[in-house]
Amino acid sequence: MRQEHPRPIFGFLWPRADPRAPVDEGYVQVRLIRVPSRGPMRIILLVAGTVGLMMLTGSALSAAVGTSWLLLFPVSALIATYLVLLLRCWSVGTYVNDAGIAVQRLLGTDSARWAQVRDVMDESGLVIVTLRDGRRLRTHIDRRSLDLIGRAEQYDMAKLALQRWGEHR
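Going by my numbering, the sequence shown opens with residue 53, and the numbers climb by one from there.
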């Protein structure tokens, strides 16, 4: 008898298929997967930024409301800008699925379908994706990135995963 696991409260935000379910050749990965996963240094900085935002928001809004309502609008605009930048920092990275690759940066995203990819190569510790039209996408798979500091084996695993993903599509 198969035991059912309770669904987390916010499970709709992170849909997961049953990892024990069989996968056949018709399976298509639609959801974007981050390659490599976030490293400890990036997590520490992002959590510190999030906690800092919460502290700044509480103290700034209470100070602005206590002194002047006119001060509330510029303070709220600054906090909203910080929030948008912080949320974008959480999403920065290289993502892949069966359709293609997406490199999300702080202020933009470069993407390509696997049919457009000519080569995935390592250039001095940085993985570059070369497209058929000559463009080059610089990925976040870099030996010096915040995700891979002190994790050399993670770099090799991410590089090989991206190369295999590009070859099989």
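All C-beta atoms in this analysis are idealised placements derived from N, C-alpha and C, irrespective of residue type, glycine included.
| task | Would you tell me roughly how many angstroms separate the C-alpha atoms of residue 189 and residue 171, rounded to the nearest one? | result | 11 angstroms
| Can you tell which of 152, 187, 145 and 113 has the C-alpha that lies nearest to the C-alpha of residue 80? | 152
| said: Do residue 183 and residue 167 have their beta-carbon atoms positioned less than 7 angstroms apart in this structure? | reply: no
| query | If residue 138 sits next to residue 105, beta carbons under 8 angstroms apart, how far is it from one beta carbon to the other, in whole angstroms? | reply | 6 angstroms
| said: So for residue 163, helix, strand or coil by DSSP? | reply: strand
| query | Tell me the DSSP bridge mates of residue 148? | reply | 85 and 153
| query | Are the Cβ atoms of residue 84 and residue 147 separated by less than 7 angstroms? | reply | yes
| message | On the CB-based measure, 16 or more other CB atoms within 10 Å of its CB, does residue 158 come out buried or exposed? | response | exposed
| Within 7 angstroms, strictly: CB atoms of residue 203 and residue 145 | no
| request: Go ahead and label residue 92 buried or exposed: buried means 16 or more other beta carbons lie within 10 angstroms of its beta carbon, across all protein chains shown. | output: exposed
| said: Quick check: residue 218 and residue 195, are their CB atoms within less than 7 angstroms of each other? | reply: no
| query | Assuming residue 94 and residue 198 make a contact with CB atoms under 8 angstroms, what is their CB distance in whole Å? | reply | 4 angstroms
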